[in-house]
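Everything in the sequence shown is counted per our numbering, starting at 143 for the first residue and increasing by one.
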Amino acid sequence: MSLQSPLSGPADYSVSGWAFVARVGYRCLGGVAVAACVLWAPSVPAAQEAGLRVFSSNGVKAALERLHAETERAAGRRLDITFGTSASTMQRVRAGESFDVAVLTADAIDELAKAGKVVRPSVGKLGRSGIGIGVRAGTAKMDITTADALKHVFFAVRSVTYAGDGASRPHIERMFGTLGITETMQSKTILEQGSVRAAARVVQGDADMLITLISEIVPVPGMELAGPLPSEFQNYVSFAAAVGSSAQNADAAAKLVAFLSGHTASLAFTASGIER
143 MSLQSPLSGP ADYSVSGWAF VARVGYRCLG GVAVAACVLW APSVPAAQEA GLRVFSSNGV
203 KAALERLHAE TERAAGRRLD ITFGTSASTM QRVRAGESFD VAVLTADAID ELAKAGKVVR
263 PSVGKLGRSG IGIGVRAGTA KMDITTADAL KHVFFAVRSV TYAGDGASRP HIERMFGTLG
323 ITETMQSKTI LEQGSVRAAA RVVQGDADML ITLISEIVPV PGMELAGPLP SEFQNYVSFA
383 AAVGSSAQNA DAAAKLVAFL SGHTASLAFT ASGIER
């Protein structure tokens with residue numbers, strides 16, 4: 143039986159409006175009310191104050207973090223990014239949460255376009271990532287180049303982990319079935335919510351290996367890429383970005399998508415394990 147971790151909501155690293163008020167208030171003279179300080183501060187049009195709300199897959203998290211300053215300059219706005227699995231992000235969108243830009247798997251973007259949640263002509267392709275195996279840094283090298291070698295490794299390890307809600311899960315479990323080890327792996331598998339938590343299991347020593355997209359392995363401190371899955375088990379997940387159909391800053395959102403899908407951003411994506 144798989145070990146399932148408790149679910150928790152995706153992290154939100156956005157800066158709230160109160161943080162802005164606090165910063166302005168701090169600059170004012172002692173004894174002056176915060177409200178007065180806000181009135182004293184230079185007036186900024188609401189459209190200029192507003193950041194872009196971005197929903198992003200964990201699969202491109204490292205690339206977006208590398209490009210943070212460049213993306214804000216390209217869009218002309220602050221970016222408020224919420225990272226999570228494409229599946230958990232889709233749940234948020236279906237629940238009615240608003241966003242300016244979605245950066246998800248190409249399949250998820252296509253589904254959102256069909257539902258009228260993103261503007262189809264705005265869709266920009268970002269690249270693709272294959273599935274690989276990550277291990278704790280310093281772990282002895284293992285042979286995973288063939289199906290037989292990989293099967294031997296799976297029998298030898300104490301435990302493996304991957305995202306229960308991740309895009310690569312169906313392909314991983316299909317691989318177990320093809321190798322004839324589904325029952326064996328059930329007792330060795332720790333399912334996590336999202337690749338970030340799954341990766342932490344390996345870095346902390348709770349699991350021996352992580353199976354997920356290579357783009358979710360390469361950037362993790364304390365983890366090494368053992369290698370990609372053998373070709374017969376390999377699957378690629380493509381990523382795309384699109385402007386939300388109810389975007390509050392559609393022009394800035396379009397600039398962001400154009401930058402992410404353009405040549406300038408290519409190096410950051412390839413360095414993060416995403417082929418372009």
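All C-beta atoms, glycine included, are put in the ideal place defined by N, C-alpha and C. All values derive from a computational prediction rather than experimental measurement.
- prompt: Taking three-plus beta-carbon pairs below 8 Å as touching, is the region 294-310 in contact with the region 321-328?
  reply: yes
query: Relative to the C-alpha of residue 364, which residue among 259, 278 and 260 is closest?
result: The shortest Cα separation from residue 364 among 259, 278 and 260 belongs to 278.
field: alpha helix (DSSP H) runs wholly inside the region 218-250, at least 4 long, in chain order
entry: Segments of the alpha helix (DSSP H) lying fully in the region 218-250: 228-236.
query: With respect to the alpha helix (DSSP H) encompassing residue 344, which residues constitute its N-terminal and C-terminal limits?
result: 337-345
message: Looking at the strands, I want to know which residues DSSP matches up with residue 104.
response: For the chain, the structure presents residues 143 to 418; residue 104 sits outside this window and is missing.
query: Taking residue 244 as the reference, which of 304, 270 and 224 has the closest Cα?
result: Comparing C-alpha distances from residue 244 to each of 304, 270 and 224 shows the shortest one belongs to 224.
- prompt: Quick check: the region 333-351 against the region 392-400, are there 3 or more CB pairs under 8 Å?
  reply: No, they do not touch.
message: For residue 356 and residue 237, what's the separation of their Cα atoms in angstroms?
response: 30 Å
message: What would DSSP say about residue 195, mapped onto helix, strand or coil?
response: Three-state DSSP puts residue 195 in a strand.
Buried versus exposed, by CB contacts within 10 Å (16 or more), residue 229: buried
field: Span separating the alpha-carbon of residue 188 from that of residue 385
entry: A caution first: residue 188 carries a pLDDT of 38, below 50, which makes its placement in the model unreliable, though a value can still be read off. So the two alpha carbons sit approximately 20 Å from each other.
- request: Report the three-state DSSP secondary structure of residue 275 (helix, strand or coil).
  value: strand
- request: Buried or exposed for residue 285, please, with buried defined as at least 16 other CB atoms from any protein chain shown within 10 angstroms of its CB.
  value: exposed
- prompt: Since residue 358 is in the alpha helix (DSSP H), which residue starts that stretch and which ends it?
  reply: Premise fails: residue 358 is in no alpha helix (DSSP H) and is neither H nor E.
- prompt: In or out: residue 283 buried (at least 16 other Cβ within 10 Å) or exposed?
  reply: exposed
query: Hey, would you say residue 204 sits closer than 7 Å to residue 408, going by beta carbons?
result: If you check the CB distance, residue 204 and residue 408 do not come in under 7 Å.
task: Count the other C-beta atoms from every protein chain shown that fall within 10 angstroms of the C-beta of residue 406, then say buried if there are 16 or more, exposed otherwise.
output: exposed
- prompt: Rounded to the nearest angstrom, how far is the Cβ of residue 301 from that of residue 379, given a contact under 8 Å?
  reply: That belief does not hold up - the Cβ atoms of residue 301 and residue 379 are roughly 24 Å apart, past 8 Å.
query: Would residue 275 pass as a contact of residue 368 if the rule is Cβ separation under 7 Å?
result: yes
message: How far does the alpha helix (DSSP H) with residue 207 in it extend, from its first residue to its last?
response: 203-208
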